[in-house]
Amino acid sequence: MIRGLYTAAAGMVAQQQNIDVISNNIANVNTNGFKKDRAEFQDLVYQSLNYTAGATTETTNNPTGIDAGLGVRVSGIQKNFSEGDLKQTGNLFDIAIQGNGFFQITTPTGETAYTRNGGFKLDSEGTIVDSQGFKLEPEIVIPSDLIKISIGQDGTVTGQNATSGDITPLGQITLVNFINPAGLAPQGDSLYLATDVSGDPISSTPGLEGMGTIRQGMIEGSNVKLVTEMVNLITAQRGYEANSKSINTTDSMLQTVNQLKR
1 MIRGLYTAAA
11 GMVAQQQNID
21 VISNNIANVN
31 TNGFKKDRAE
41 FQDLVYQSLN
51 YTAGATTETT
61 NNPTGIDAGL
71 GVRVSGIQKN
81 FSEGDLKQTG
91 NLFDIAIQGN
101 GFFQITTPTG
111 ETAYTRNGGF
121 KLDSEGTIVD
131 SQGFKLEPEI
141 VIPSDLIKIS
151 IGQDGTVTGQ
161 NATSGDITPL
171 GQITLVNFIN
181 PAGLAPQGDS
191 LYLATDVSGD
201 PISSTPGLEG
211 MGTIRQGMIE
221 GSNVKLVTEM
231 VNLITAQRGY
241 EANSKSINTT
251 DSMLQTVNQL
261 KR
């Protein structure tokens, strides 16, 4: 019976972690470029209570013995990189990826981070940066004398001269992808870093080699589906309550056993 207490406690811990993951998803339902997580469970090692020796043959059929499970644990948190809904914003420097790929961002420490959040703007020098002021890589600078900035589906950035009307090429947005995007390390602010698990970044032009295309004036929202997460939350809560009930039941059984001694 003591084993039952620890088994149910392990179940409560696992469901609490699951609720934490779901709650984080719900909290970020309106976060641009956010990718939802999913807790993955794994049963713990089994304890053999009655091991039966000998192999089953054509003339014998040995029992399988008794193996008691010791509970469950969260084996990992899996990131889901499915595409979120694209939202029309009308902002010239809001750009969404329709399909595979990530934008490259240079952090103040010189590291290259990756994101699906295409909410960009211009800094005081006319450089395209994200909401934190981190530069888009490759760096693109928009001169102040240009109007009608256009970003093509292939990532080409052009501008029209306000005086002459000439079209000026300004740069090329490139996208990167990974063999295993789920292996990227989340850093917050919808940024990720490459790891040995994700593999090295593979760079290409939007629309080529399996990369998605660019949509100007749009931004990718969170891929969290609120109704689905609420159902998952209720299921996790019921699992937590059931494990709590198991502890109460086991405790009542132990009290009954203790009273037998009186």
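The working numbering numbers the first residue of the sequence shown as 1 and each following residue consecutively.
Ideal Cβ positions, reconstructed from N, Cα and C, are used throughout, including at glycine.
Quick check on DSSP: helix, strand or coil for residue i?
| i | result |
| --- | --- |
| Ala194 | coil |
| Ile219 | strand |
| Leu208 | coil |
| Asp229 | According to the sequence shown, residue 229 is Glu rather than Asp. Correct three-state label for Glu229: helix. |
| Pro108 | coil |
| Ile19 | helix |
| Asp266 | Any answer about residue 266 is impossible in this case: the structure gives the chain only from 1 up to 262. |
| Gly188 | strand |
| Gln88 | strand |
| Asn100 | coil |
| Val293 | The structure shown does not extend to residue 293, since the chain is modelled only from 1 to 262, so the question has no answer here. |
| Ile140 | coil |
Pick from the options: whose alpha carbon is nearest that of residue i?
| i | options | result |
| --- | --- | --- |
| Ala8 | Arg116, Gly71, Leu233 | Gly71 |
| Ala236 | Leu5, Ile2, Ile19 | Ile19 |
| Gly133 | Phe120, Ile142, Ser144, Asp145 | Phe120 |
| Ser82 | Lys36, Leu260, Leu122 | Lys36 |
| Gln104 | Asp85, Ser144, Gln153, Asp130 | Asp130 |
| Ser204 | Ile219, Asn243, Thr156 | Thr156 |
| Ser198 | Asn32, Gln78, Asn232, Gly210 | Gln78 |
| Pro201 | Gly207, Leu184, Asp189 | Leu184 |
| Ser144 | Arg3, Gly159, Asp251 | Gly159 |
| Ala10 | Gly126, Phe41, Ile142, Ile149 | Phe41 |
| Gly69 | Ile142, Tyr6, Met211 | Tyr6 |
| Gly110 | Gln255, Pro206, Leu193, Thr256 | Leu193 |
| Glu229 | Gly4, Arg3, Val29 | Val29 |
| Asp196 | Gly210, Ser190, Pro181 | Pro181 |
| Ile2 | Gln255, Asn258, Thr250 | Thr250 |
| Gly212 | Arg116, Lys245, Gln259, Phe34 | Arg116 |
| Gly99 | Ser124, Val257, Gly33 | Gly33 |
Which residues does DSSP pair with residue i in a beta bridge?
| i | result |
| --- | --- |
| Gly159 | Thr168 |
| Lys79 | Asp37 |
| Ala68 | Gln47 |
| Ser150 | Thr158 |
| Asp94 | Gly119 |
| Thr263 | Since the first and last residues shown for the chain are 1 and 262, residue 263 lies out of range. |
Tell me whether residue i, by its Cβ, gets closer than 8 Å to a heavy atom of the ligand ZN.
| i | result |
| --- | --- |
| Glu125 | Among the components modelled here there is no ligand, and therefore nothing to report on the ligand ZN. |
So residue i packs on residue j, CB below 8 Å; how close in whole Å?
| i | j | result |
| --- | --- | --- |
| Val176 | Gly101 | 7 Å |
| Val74 | Gln153 | Their Cβ separation, rounded to whole angstroms, is 41 Å, which puts Val74 and Gln153 out of contact at 8 Å. |
| Phe93 | Ile128 | 6 Å |
| Gly84 | Gly221 | 5 Å |
| Ala90 | Gly217 | Here the sequence assigns Gly to residue 90, which means Ala is not the residue at that position. Sure, about 6 Å apart at Cβ, within 8 Å. |
Task: Stretch pair the stretch 224–231 + the stretch 159–173: three plus CB contacts closer than 8 Å - done: no
- [ ] Specify whether the stretch 167–175 and the stretch 137–145 touch according to this definition: at least 3 beta carbon pairs, one from each stretch, less than 8 Å apart.
- [x] yes
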